[in-house]
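Step one of this worksheet: look at the structure below.
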Amino acid sequence: MKYNAIIIGGGAAGLSAALYLARAGLAPLIFAGSPPGGQLMLTSEVENFPGRESILGGELIDVMRKQAQKFGGIIVDENVKSVGLVGAGRDLPVQHTIESASGKIYQTKALIIATGAKALWMGLDSETRLRGKGVSACATCDAFFFKNKIVAVIGGGDSALEEALTLTKFASKVYIVHRRAEFKASKIMQKRVFEHEKIEIIWNSAIEEIIGEKKVEGMRIKAVGVGRDRPVQEIKLNGVFVAIGHRPDTDLFKGQIELDQKGYVLTTTMYA
């Protein structure tokens, strides 16, 4: 199957590109992924989007999808298995090739990469073992399962603080473990966290181990930076939410386009 343009990614970037292409009459095909929606689907409220004081992340994605479809965009809620890219300078009739997770083959002259990012993990064996058993990277997805429980959020950016605030709607207590003495998050998010009675912040600390065999039962934290001579501390809890950042979801394109050491697509200054 051949298309004028194909977009890999069904988040805000991919759907914005789809809207422009659809309005130009190019009927783009959008691989929105499974599950679709990108990072916005993992966000509760979006407050830095012009035109609305607040909108749920899932609701915003739904509006964007309908808008792209209205003008002729074709959305497929499926992942891409492999990509075969054609280098610059080749004859235009040559097509990029995309294979979907179901094995279907698609071709296009124009491919837009809007694959977004994946959550970073701490790299602990206990974290891997207990993922889905009390360890998560999505409070929006899993907060309900921790009603009246004690949980911890690891991180200090906007995402971490938003995770913590989401968890306060269900959990009885929320720890935030941050390896520095101050947050990187926006001031408005910090204010909300500092004022919330359910949240306790543990500064200059990092998780050494998540305790538990078949489920999370606690965490062992060590001091880092200032006061790193403090003894290791154990805290009983039921869940650990990791929010330490993201990495580009560009594994599909390794060896075909130029990536930096972190996996970001390198562009010329013309496009930066």
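Residue numbers for the sequence shown follow the numbering used here, so the first one is 1308 and each next one is one higher. The C-beta atom is built at its ideal place from N, Cα and C for all residues, glycine as well.
Residue i, enclosing alpha helix (DSSP H) - first and last residue
i: Gln1374; result: Gly1364 to Lys1377
i: Phe1338; result: Unbroken run through Phe1338 is the beta strand (DSSP E), Leu1336 to Phe1338; no alpha helix (DSSP H).
i: Tyr1327; result: Ala1319 to Arg1330
i: Glu1515; result: First-last for Glu1515: Ser1512 to Ile1518, but that is the beta strand (DSSP E), not the alpha helix (DSSP H).
Cβ-based burial, residue i [other Cβ within 10 Å; buried from 16]
i: Pro1357; result: exposed
i: Val1484; result: buried
i: Pro1342; result: exposed
i: Ile1461; result: buried
i: Thr1415; result: buried
i: Phe1607; result: In the structure displayed, the chain extends from 1308 to 1579; residue 1607 sits before or after that span and is not available.
Coil, strand or helix - residue i by DSSP
i: Met1429; result: coil
i: Val1393; result: coil
i: Leu1498; result: The residue you asked about is not Leu; residue 1498 is Lys in the sequence shown. Correct three-state label for Lys1498: helix.
i: Ser1407; result: strand
i: Arg1436; result: helix
i: Leu1466; result: With the sequence shown as reference, residue 1466 is identified as Ser, and Leu is not the correct amino acid for it. Looking at Ser1466 - three-state DSSP - the assignment turns out to be helix.
i: Phe1560; result: helix
i: Met1348; result: helix
i: Leu1474; result: helix
i: Ser1443; result: strand
i: Met1308; result: coil
i: Glu1524; result: coil
i: Val1572; result: strand
i: Arg1554; result: strand
i: Glu1541; result: strand
Within 9 Å, strictly: CB atoms of residue i and residue j
i: Ile1528; j: Ser1433; result: no
i: Phe1530; j: Gly1464; result: Here the sequence assigns Ala to residue 1530, which means Phe is not the residue at that position. Taking 9 Å as the Cβ cut-off, Ala1530 and Gly1464 do not qualify as a contacting pair.
i: Glu1507; j: Val1481; result: yes
i: Phe1490; j: Leu1468; result: yes
i: Ala1421; j: Ile1314; result: yes
i: Gly1344; j: Gly1365; result: yes
Neighbourhood of residue i by C-beta distance below 6 Å, restricted to the same chain and skipping five residues each side
i: Ala1339; result: Gly1317, Ile1382 and Asp1384
i: Met1308; result: Tyr1413
i: Gln1563; result: Leu1392
Boundaries (first-last residue) of the beta strand (DSSP E) holding residue i
i: Ala1450; result: First-last for Ala1450: undefined, no H or E at that position.
i: Arg1359; result: Neither: Arg1359 is in no beta strand (DSSP E) and is coded neither H nor E.
i: Thr1415; result: Ile1412 to Ile1420
i: Gly1316; result: That residue, Gly1316, is in no beta strand (DSSP E); it is neither H nor E in DSSP.
i: Ile1506; result: Ile1506 to Ile1509
i: Gly1546; result: Gly1546 to Val1549
i: Val1460; result: Ile1457 to Ile1461
Same chain, Cβ closer than 8 Å to residue i, five either side skipped, listed in chain order
i: Val1299; result: With the chain represented from 1308 up to 1579, any question about residue 1299 goes unanswered, as that position is not in the structure.
i: Asp1558; result: Gly1570
Neighbourhood of residue i by C-beta distance below 7 Å, restricted to the same chain and skipping five residues each side
i: Gln1376; result: Ile1382
i: Arg1554; result: Ala1424, Lys1425, Leu1427, Lys1569 and Gly1570
i: Phe1453; result: Leu1474, Phe1477, Ala1478, Asn1545 and Gly1546
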